[in-house]
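Report on one structure; see the data block that follows.
In UniProt numbering, the protein residues as written are 1 to 630.
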């Protein structure tokens with residue numbers, strides 16, 4: 001930690017004290033007016049009015065003397081400016097303390113007693129308004145100190161006995177001594193507070209840097225871990241097409257891979273939320289369709305466990321709203337997973353309710369209730385703590401990371417809502433999500449690739465006319481001269497009959513092999529590239545129908561490769577590029593679109609997702625071709 005030098009401390013203290021006095025200007029004027037009113041019966045209103053007018057004028061001069069300090073700090077203030085400011089303080093304090101003279105002369109000894117009480121109060125006020133600055137303290141404290149030192153002499157002048165004069169002198173010295181000691185202690189406390197604040201700020205910045213580095217590390221690790229997970233899921237999907245024993249093993253591998261993926265996603269989401277990098281979208285979507293799709297995914301697991309699913313109030317759900325459909329689906333998946341996990345028998349109830357809140361939108365309530373063992377008050381208090389399973393043995397028995405509910409609560413709060421839980425031991429638990437969703441335009445249909453995507457593409461590819469095999473008894477035809485139009489027609493016909501030609505770009509061989517494993521049964525002609533430079537070389541040599549491009553690659557990443565591909569204007573300048581990435585945040589997707597990528601599929605790769613992306617870009621290309629032909 002860098003140490004603060006004495007010069008730095010004095011400089012900063014002088015500026016702080018000057019600005020502190022400026023902030024107390026009205027307080028000083030009010031104090032002066034109060035003192036003038038109090039002593040008016042003793043010395044007369046003319047003297048008090050003249051004194052207060054002079055004191056107000058002096059406060060204005062002090063404000064002008066410190067104007068540059070208050071505006072720029074003392075780093076650029078010349079010596080004469082400092083001297084002028086200190087002289088203005090000395091004159092202001094001298095004028096305030098001068099009121100004690102007529103109090104002695106007109107009020108006599110009793111007036112002197114009042115003056116002796118007023119001057120220590122002025123010294124205390126000067127001490128409080130001079131934190132960490134000796135020069136400002138000396139300038140504002142010296143005048144009342146001198147007036148106070150005159151008290152024993154004035155008492156002797158009015159005939160006080162010597163013992164009383166000596167006692168008064170000792171009291172004055174003690175007041176001055178304790179005032180200086182108190183200022184020193186106060187300045188040390190202020191200095192320690194300043195250093196503690198600087199240290200806390202340094203630690204805060206360091207903690208933020210560590211958090212950013214930690215988040216970047218988790219993101220990099222997460223990206224690398226998705227590669228083997230994707231290969232595991234792809235290989236397991238291919239094994240399901242074999243015999244019953246292989247299908248059983250494939251289901252086991254798939255379940256393990258999906259569990260690894262879920263744990264990894266939870267860790268990455270928790271890290272993003274902790275770093276403040278998690279964002280939510282506000283786009284139009286169909287809320288009713290989103291909830292229906294989520295429920296369809298959970299009907300199978302619920303029925304497989306022998307439970308019943310009851311849905312109430314689905315008809316009250318609005319269709320077109322504005323919000324983040326993906327995050328709402330994620331929260332509902334976490335709540336449904338939690339209910340299925342902890343409900344050994346009985347039913348799961350999903351209660352839905354919504355009403356219009358003009359003119360903002362809808363108030364939506366989503367409640368998931370189960371008939372599980374329930375929770376105690378202590379467990380409810382710890383329910384949303386990250387990595388806290390609320391009871392011993394839960395992790396070993398049910399699995400999970402203990403992050404699902406914590407992430408769900410944070411996501412709901414990011415969307416401006418609340419997630420609450422109610423439970424009684426032995427009577428299950430209930431989780432309620434309350435959201436305010438603005439009205440949306442007509443929501444576009446939600447496209448989620450299904451398990452039959454491979455079949456759809458296979459049927460579409462099967463409908464392509466295959467080239468006729470040559471007759472062995474027929475002699476080869478002799479090439480004849482053809483014009484350009486005939487050549488173009490022949491080329492178009494040949495292009496229509498050939499299989500899909502795909503380019504797969506990824507720096508991990510296991511990812512390239514996984515994509516090949518999924519797409520080769522469709523009869524696709526697949527070319528691979530290990531980095532962006534090789535991909536550009538391949539694109540310069542061959543025309544491709546679709547390019548699958550990994551985003552994170554060394555030397556030349558996927559987005560830059562796509563930008564160069566579009567800019568070079570080669571044979572693949574208009575070929576649709578599908579981004580293959582583990583970064584699915586809205587800003588990452590927007591960056592891919594800005595680079596010229598047509599679609600994206602998230603890692604780890606699964607056959608439905610990859611085939612759904614391929615079908616999407618093929619449909620878009622077909623529509624574009626029809627529009628161009630028209």
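Glycine is no exception: its CB is placed at the ideal position from the N, C-alpha and C atoms.
Here residue 559 really is in contact with residue 551; their C-beta atoms are around 6 Å apart, less than 8 Å. For a cut-off of 8 Å, the C-beta gap from residue 517 to residue 544 is around 19 Å, too long to register as a contact.
When the Cα atoms are used, residue 28 and residue 203 turn out to be separated by approximately 39 Å. For residue 285, the pairing in a beta bridge is given by DSSP as 321. Distance from residue 417 to residue 433 at the Cβ level is roughly 6 Å; contact confirmed, criterion being Cβ atoms closer than 8 Å. Taken through DSSP and simplified to helix, strand or coil, residue 308 comes out as strand. Membership of residue 116 in the alpha helix (DSSP H) is indicated by the continuous run 100–128. Taken through DSSP and simplified to helix, strand or coil, residue 208 comes out as helix.
Each of 85, 93 and 523 was checked against the Cα of residue 32, and the nearest Cα belongs to 93.
Across the set 118, 22, 210 and 596, the C-alpha of 118 shows the shortest separation from the C-alpha of residue 38. Along the region 545–571, the alpha helix (DSSP H) occurs as fully enclosed runs of 4 or more residues at 558–568, listed in sequence order. The count of Cβ pairs closer than 8 Å, one atom from the region 346–353 and one from the region 296–313, reaches three, so the stretches are in contact.
Between residue 549 and residue 578, the C-beta gap is smaller than 8 Å, which places the two residues in contact. For residue 432, the uninterrupted beta strand (DSSP E) run begins and ends at 429–438, by DSSP.
For residue 354, the uninterrupted beta strand (DSSP E) segment begins and ends at 347–357. Residue 145 is a Cβ neighbour of residue 123, given a cutoff of 8 Å. As a beta-bridge residue in DSSP terms, residue 525 pairs with 501. The beta carbon of residue 127 lies closer than 8 Å to those of 137, 141, 179, 182, 183 and 186 in the same chain, with the five residues before and after it left out. Residue 132 counts as buried, since no fewer than 16 other beta carbons sit within 10 angstroms of its beta carbon. Within its own chain, the residues whose Cβ lies closer than 6 Å to the Cβ of residue 506, once the five positions on either side in sequence are excluded, are 512 and 550, listed in chain order. In terms of CA proximity to residue 334, 407 leads the group 407, 357 and 48. Residue 371 carries a coil assignment under DSSP once its states are collapsed to helix, strand and coil. Apart from the 5 residues on each side of it in sequence, residue 331 sits with its Cβ closer than 7 Å to the Cβ of 408, 411, 412 and 433 in its chain, given in chain order. In this structure, the beta-carbon distance from residue 284 to residue 441 falls below 8 Å. Linking residue 65 to residue 26 through their CA atoms gives a straight-line distance of about 17 Å.
Ranking 423, 376, 365 and 371 by CA distance to the CA of residue 436 puts 365 first. Residue pairing from DSSP places residue 421 in a beta bridge opposite 431.
With a beta-carbon spacing of about 7 Å, residue 148 and residue 176 fall inside the 8 Å limit used to define contacts.
Taking C-beta separations shorter than 6 Å and ignoring five residues to either side along the sequence, the partners of residue 533 in its chain run 556, following chain order.
The three-state secondary structure of residue 94, taken from DSSP, is helix. Straight-line measurement puts the Cα of residue 205 at about 51 Å from the Cα of residue 501. For residue 602, the enclosing beta strand (DSSP E) has its first and last residue at 599–602. Using a Cβ distance threshold of 8 Å, residue 61 and residue 100 do not count as a contacting pair. A check of alpha carbon separations from residue 155 across 23, 115 and 508 identifies 115 as the nearest.
Counting C-beta pairs closer than 8 Å gives three or more between the region 559–577 and the region 524–543, which meets the contact rule. For residue 313, the secondary structure class from DSSP, reduced to helix, strand or coil, is coil.
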